[in-house]
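Protein chains in written order, with the working numbering: chain A, 1 to 104; chain B, 1001 to 1104; chain C, 2001 to 2104; chain D, 3001 to 3104. C-beta atoms are modelled at their ideal positions from N, C-alpha and C, and glycine is treated no differently. Below is one structure, written out as structure tokens, with a few remarks after it.
Here it is, written out as structure tokens:
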């Protein structure tokens, strides 16, 4: 992960793109790429795994740039969120159902 | 990263949520979480970094579940996409500007 | 508005697209078109009004198809929502600020 | 439609919200509300029509504010877009299928 992050930073530096990569612009970009991913599931049940993988990568790449812009550690924010989720969704209440925690 | 992925899979198994985590449902979820992230930048310039970090984590978590559902390796899809991006956005054409490759 | 709705229905019928226009598919489509609209504001401050207008139209068109699919009257749902908004955002609390009603 | 638009403008004026309703902020808001609409179709097949109607209204309301901010006539932009769509999706090529025009 560290390795990939370094590659992303290098790519950004070479193109002098850090000035465009503000948290707000990246938040917009993540929504835009997420919608491109969703487009593969718009009308039909079939999809192309390679193409879908590319769209997931686009979302991940902007998330990584955003973590970098905010000086956040990806492993840490995911781990922290999973702890919160475990409390919000205790096994006994959420097992086998898709209820939101506000509906328990 | 491997470690976090295992944690996510364990969380999913304990709740029997794999049945909900279809590629299509995850694509919708990524868009939904991306919009919650964007909401922090809707009207004002200020934002709370911790809260923003949690939303980025939500997007990342669903992306990881989606990669798992499609049997895709995260490092690989990002690395492949970055190679494509490097071709689409050569340094000499993209340096310092935010043009889309279709506008070069 | 009635006139436009009839035009949309005619367009849909001629192409036998009602079968694709399920509420779920239209919800995805609205998100996808909303992101295409957002793309015009991704990196720069400039935008092309005509192009932006086309993207707004795309969002509106899918909203109209969705209202039709659910047998909802557009004027009515907007009017009902505005009444709710007026209660959630009383003038004296919301005047000149962008606070969410949960923050009052 | 004219009537509703006047109601929206009055609501906005009373709260002095025009300053927040820039095209960019409204584009973000449309994406955010579109995702709230999508959330009703995230995991399950059931949904509440009244709640879904409220979310569609939210998307429509921001679209109308955006048209106003850009001095665009809603009827006109939809009508123009439908003419474009009719050319992009001729009946004989698109009847009964969900192909994108780029795939014809």
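Below 8 Å on the Cβ atoms is my guess for residue i versus residue j; work out the distance and round it to an integer in Å.
i, j, result
"residue 9/A", "residue 68/A", "7 Å"
"residue 2089/C", "residue 3015/D", "7 Å"
"residue 104/A", "residue 93/A", "5 Å"
Thinking just about the alpha-carbon of each residue, which of the options is nearest to the one in residue i?
i, options, result
"residue 3098/D", "96/A, 31/A, 11/A and 44/A", "44/A"
"residue 1117/B", "1/A, 19/A and 2/A", "This structure does not reach residue 1117/B, given that chain B is present from 1001 up to 1104, and the question cannot be answered."
"residue 2051/C", "3052/D, 3013/D, 3084/D and 3012/D", "3084/D"
"residue 3082/D", "2038/C, 2091/C and 2060/C", "2060/C"
"residue 38/A", "1072/B, 1066/B and 1091/B", "1066/B"
Using a Cβ-Cβ cut-off of 8 Å (strictly less than) and excluding sequence neighbours within five positions of residue i, which residues of its own chain qualify?
i, result
"residue 3064/D", "3004, 3005, 3008 and 3074"
"residue 70/A", "23"
"residue 47/A", "40 and 41"
Given residue i, which residues of its chain have a CB within under 6 Å of its CB, disregarding the five upstream and five downstream residues?
i, result
"residue 2002/C", "none"
"residue 1072/B", "none"
"residue 1091/B", "none"
"residue 3017/D", "none"
Using C-beta distances below 7 Å, list every residue in its chain close to residue i, excluding the 5 sequence neighbours before and after it, in chain order.
i, result
"residue 49/A", "none"
"residue 3062/D", "3026, 3029, 3030 and 3033"
"residue 3021/D", "3012, 3065 and 3069"
Is residue i near the ligand NAP, judged by its Cβ being under 7 Å from some heavy atom?
i, result
"residue 1098/B", "This structure lacks the ligand NAP, and indeed carries no ligand of any kind."
Contact the region 77-90 of chain A vs the region 1050-1069 of chain B: 3+ CB pairs below 8 Å:
yes
Against chain A: residues of the region 2011-2031 of chain C by CB proximity under 9 Å:
2020, 2025, 2028, 2029 and 2031
Counting pairs of Cβ atoms below 8 Å between the region 3027-3036 of chain D and the region 2023-2035 of chain C, do you hit three or more?
yes
Near-chain B residues of the region 76-97 of chain A - C-beta to any C-beta below 8 Å:
77, 78, 79, 80, 81, 82, 84, 85, 86, 89, 91, 94, 95 and 96
Chain C contacts made by the region 1037-1066 of chain B, where a contact means CB separation under 7 Å
1043 and 1044
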